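J.: Okay, here's the structure, questions in a sec.
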Amino acid sequence: MNKLNVIVLVVLVLAGCFNTELIAPDNAKIQVLSSEKPVAYQKQYRNWYLLWGAFPLYVTQPEELIKENNLVEVRVQTKDTVMDAIISFFSAQISLLPQTVIVEGNYAK
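Residues in the sequence shown are numbered from 9 upward in steps of one, following our numbering.
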């Protein structure tokens, strides 16, 4: 197998199509926070996907946390962490992949 075939194979195996909806709850007045503003609430969690992102297994959307915690100022990030890469290295063979989501915000006063 030449190098190009190996690269294509690796990209196909490790590529994912994750979907985390970054939306606010219905009828909520939410402000987006800058990256510098301090927050009172922070939650980091992993969403899990099967078949490289095609089927969500355990997915918590930020909208749920915003509503449950009555947040009025919010900052949401999705990222691929080093731990996600380590997990993916082993779980990609069964097409189970994680994505880290961080929800930060401030409560209503």
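Just so it is clear, CB atoms sit at the ideal spot from N, CA and C, and this is done for glycine as well.
All of these numbers come straight from a predicted model, not from anything done at the bench.
Express the C-alpha separation of residue 50 and residue 44 in angstroms, rounding to a whole number.
T.: 14 Å
J.: Does the segment 54-61 come close enough to the segment 99-112 to have 3 or more Cβ pairs within less than 8 Å?
T.: They touch, by the three-pair rule.
J.: So within the segment 17-80, which uninterrupted alpha helix (DSSP H) runs reach at least 4 residues, ignoring any that extend past its ends?
T.: 70-76
J.: Assuming residue 110 is part of the beta strand (DSSP E), what are its boundary residues?
T.: 104-115
J.: If you draw a straight line from the alpha carbon of residue 72 to that of residue 79, how long is it in whole angstroms?
T.: Between the alpha carbons of residue 72 and residue 79 lies a distance of about 11 Å.
J.: Less than 7 Å between the beta carbons of residue 3 and residue 39, yes or no?
T.: Because the chain is modelled from 9 through 117, residue 3 falls outside the range shown and cannot be assessed.
J.: Let's test the definition: count the other Cβ atoms within 10 Å of the Cβ of residue 96 and tell me whether it reaches 16, buried, or not, exposed.
T.: Label assigned to residue 96: buried.
J.: Check whether the Cβ atoms of residue 70 and residue 47 sit closer than 7 Å, and answer yes or no.
T.: No Cβ-Cβ contact shorter than 7 Å links residue 70 with residue 47.
J.: Using the rule of at least 16 other Cβ atoms within 10 Å of the residue's Cβ for burial, across every protein chain shown, is residue 8 buried or exposed?
T.: Past the boundaries of the shown model lies residue 8; the chain is included only from 9 to 117, so the question cannot be answered.
J.: When burial is assigned at 16 or more other CB atoms within 10 Å of the CB, is residue 105 buried or exposed?
T.: buried
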